[in-house]
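Let me begin by presenting the structure, written as structure tokens, before commenting on it.
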Amino acid sequence: MRESSNPGQTQADPDERYSKAFSVSPDAITVTDLATGRYLDVNASFERLFGYQRDALVGRTSTEIGIWADPNDRARLIDVLKSQGVVKDFLAVTRRADGALRTCNLAGAVIAADDGQTVVLVVHDITEQLATERALRQAADRYAKLFHSSPDAVAVTELHTGRLVEFNDNFLRIFGYDRESAIGRTTLEMGLWAESGEREALVDTLEQIGVIRDAEFTLVRRDSARINVLMSGEVIEFNGVDCMLTVVRDVTLQRQARQREAELEDQLRRVQKLEALGTLAGGVAHDFNNILTAILAYTEFTLMDTEDSFAVKQNLVEVRKAALRARDLVKQILAFSRRQKQERAPIDLRAPVREALTLLRSTLPSTIQIEDHFPPEPLVVMADSGQMHQVVMNLCTNAAHAIGGRPGRLRVALDVVVPPPVGSGIVSADGGKAKAMISVKDDGSGMDEQVLKRIFEPFFTTKEPGEGTGLGLSVVHGIVQAHEGTIVVDSKQGVGTEFRIQLPLRDGAVDRRAPSIDAMPRGAGQRILVIDDEEPICELAQRFLVRLGYQVTAHTNPAAALEAFVEDPPPFDLVLTDFTMPLLTGVDVARRVTGRHPEIPVLLMSGYAGAWTTQDLRDAGIRLLINKPLALSILAAAVRDALSGEDARRV
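Heads up, the sequence shown is in the UniProt record's numbering, so the first residue is 1 and it goes up one at a time.
So, in structure tokens, the structure goes:
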């Protein structure tokens, strides 16, 4: 120890300072003889690093101990020391006493001593550092791959400016940009936000809680198309700047699919309501037709008995017309609810259109002027008159809604047109053949292209809730297609709309099966069994058929009535039965009768017989189906036809 120039302090010997630094250094330090390579000294950190005791090392070489994983590393180290006198950042893999390998960074120098040259080496273990760096590189590679391979749009933007710092290819794809037109610009400059205030709100949220998950936004592509997205993001530091890392998922198609699914569910609920309405309509139709049967039949009875009073007879004719219109109304209700199968017949198209216009003139606002045009000659088509009436009613009602409360004009016209043949610029399978055309034209609000594309979709409507079901035009479209026709729409917003329907014309006369009241066929004592659970209907049919010259037995109990057919030969020439009865239906009665006596014709009366076809009737052994309400003239003709052997059909 040497005395310090300051009183009370003692100056440390340099050798002592070196010794202390040597012993407390966290890095391993060795002192070796340059010429022989033998260890002269090692510190405690070297002992801990390599797992050797100092006594086992001093006097031996590193090669003898096996410190070097690759002995050539020592040779290279010595060459550098001999040529340069110092060495820095010399990396080598070394081996511990237990065989474990450690990567070390060596630095040292050659020091001249009295007895030769020695080498002082500082050995820094960088194994964990290298592993950490390698893990960081691997993580960076993984995150880079995730960043660029993500199916979502991933972007890094400066938190406060919104300037794009980095983004992946899917960001460019989803928003329609290339890299050069996006890098360095802000999202506001690019117009990505449908509402600019939404980005400010997003930044405020991130500054408060640091992260968002699956927030819903509407963003804008470069082509101005709007897309629905789910956005997740968090605040990160990027190159020393607070940034926002966002992941944006385009869910436009999923949102549209969910919306479509919701629409379909709504349509399903409406269809179910319509099915319930149809069931109700069937029951109401049966009961209502029984009531109409009594009104219509007794009116016809009275007409037959009234000879002198023209005024009374004329009044009864009007009552009969009203009852027939009520019957047709029930048929339309059943057709609308899809619970009655329609069988077409040759009709003059002018008749149902005129009837519809008569009704419309009394129901539409007086501010709407209705014009019509009819050709002088009949337009005969194979159609259901009630459905043609329904088509015109639906189209004109829609036109009235389009006109609204202001004065307007509605024009309905019938005409004959000849579509151009194939090869004339318009492809038409029936080109060159004459068609009957119904035109319904209004000067209402008109429709745009988007609405025109969807007007025939079930439940699609532009009306306010409570103003319509969205079924009218889809029903029209279905009826026209079922009649092998076509429908074309022209519309312009602010100008108006025109619907044009074309139906195949038919050669021949209009169907006029029903005889007049004054020309009813009469019987010759044939025996008829009448079965109907409604006693008034039984009495009515019995009274009428007796008047026509038949022998009639009436039953309100079908099971009791069938007991008569146990006899052989049977006591009846014809069975007239109702369709809907408790215990046994009219079809059950027909099958039991014809099963034992196939020669006996069965007539089925129905206030509602659903979708029975002619083949269904034939298979059940039914000769004729008579729809209620019963017109006496039709009943008389049906009985005559059945007794004469006419094949199964509806009347």
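Backbone N, C-alpha and C define an ideal beta-carbon position, used for all residues, glycine too.
Asked                                                                                                           : Found
Minimum length 3: unbroken beta strand (DSSP E) runs contained in the region 199-273                            : 211-220, 226-238 and 241-250
Boundaries of the beta strand (DSSP E) in which Gln84 is found, first to last residue                           : No beta strand (DSSP E) contains Gln84, which is instead part of the alpha helix (DSSP H) from Pro71 to Gln84.
According to DSSP, residues forming a beta bridge with Cys104                                                   : Ala92 and Asp125
6 Å CB neighbourhood of Phe374 in its chain, flanking five on each side removed                                 : Arg350 and Leu414
Under the three-state DSSP convention, the category Gln314 falls into                                           : helix
Helix, strand or coil at Gly59 [DSSP, three-state]                                                              : coil
Simplified DSSP state of Ile65, which is helix, strand or coil                                                  : helix
Closest Cα partner of Thr299 within the set Arg48, Leu540 and Tyr52                                             : Leu540
Minimum length 4: unbroken alpha helix (DSSP H) runs contained in the region 352-404                            : 385-403
Leu635 burial status per 10 Å Cβ neighbour count (16 or more: buried)                                           : buried
CB contact flag (Ile487, Val495, <7 Å)                                                                          : no
Sequence-distant residues of its chain with Cβ nearer than 7 Å to Arg640 (five each side left out)              : Pro521
Residue closest to Gly446, alpha-carbon to alpha-carbon, out of Gly405, Met581, Glu498 and Thr205               : Glu498
Test item: CB-CB of Ala323 and Leu296 under 7 Å                                                                 : yes
Run of the beta strand (DSSP E) containing Val412, from where it starts to where it stops                       : Gly408 to Val417
Local Cβ density within 10 Å of Pro629, reported as buried at 16 or more and exposed below that                 : buried
Local conformation of Lys628 per DSSP, three classes                                                            : coil
For residue 665, the three-state DSSP class (helix, strand or coil)                                             : A query on residue 665 cannot be resolved here, the shown segment of the chain reaching from 1 to 651 and no further.
The region 546-558 contacting the region 580-592, beta-carbon criterion three pairs below 8 Å                   : yes
Alpha carbon of Leu452 to alpha carbon of Ala262, nearest angstrom                                              : 22 Å
Where the beta strand (DSSP E) containing Thr32 begins and where it ends                                        : Ala28 to Asp33
contact_flag[the region 26-33, the region 112-122] where n(CB pairs < 8 Å) is 3 or more                         : yes
Local Cβ density within 10 Å of Thr187, reported as buried at 16 or more and exposed below that                 : buried
Neighbour-count burial assignment, Arg623, 16 or more Cβ in a 10 Å radius                                       : buried
Other residues of its chain near Ser196: CB distance less than 7 Å, five sequence neighbours each side excluded : Leu188
Gln551, DSSP secondary structure in three states                                                                : strand
Gly184 and Arg221 closer than 7 Å at C-beta                                                                     : no
Per DSSP, the bridge partner or partners of Glu158                                                              : Cys243
CB-CB length for Gly51 against Ala97, believed under 8 Å                                                        : 4 Å
Gly645: first and last residue of the uninterrupted beta strand (DSSP E) it sits in                             : First-last for Gly645: undefined, no H or E at that position.
Alpha carbon of Glu599 to alpha carbon of Pro569, nearest angstrom                                              : 11 Å
Close Cβ partners of Ile212 (< 8 Å) along its chain, the five nearest in sequence each way excluded             : Leu202, Thr205, Leu206, Met231, Ser232, Gly233 and Glu234
Cβ neighbours of Pro151 in the same chain (closer than 7 Å, five flanking residues each side left out)          : Asn170
First and last residue of the uninterrupted alpha helix (DSSP H) at Gln450                                      : Glu449 to Arg454
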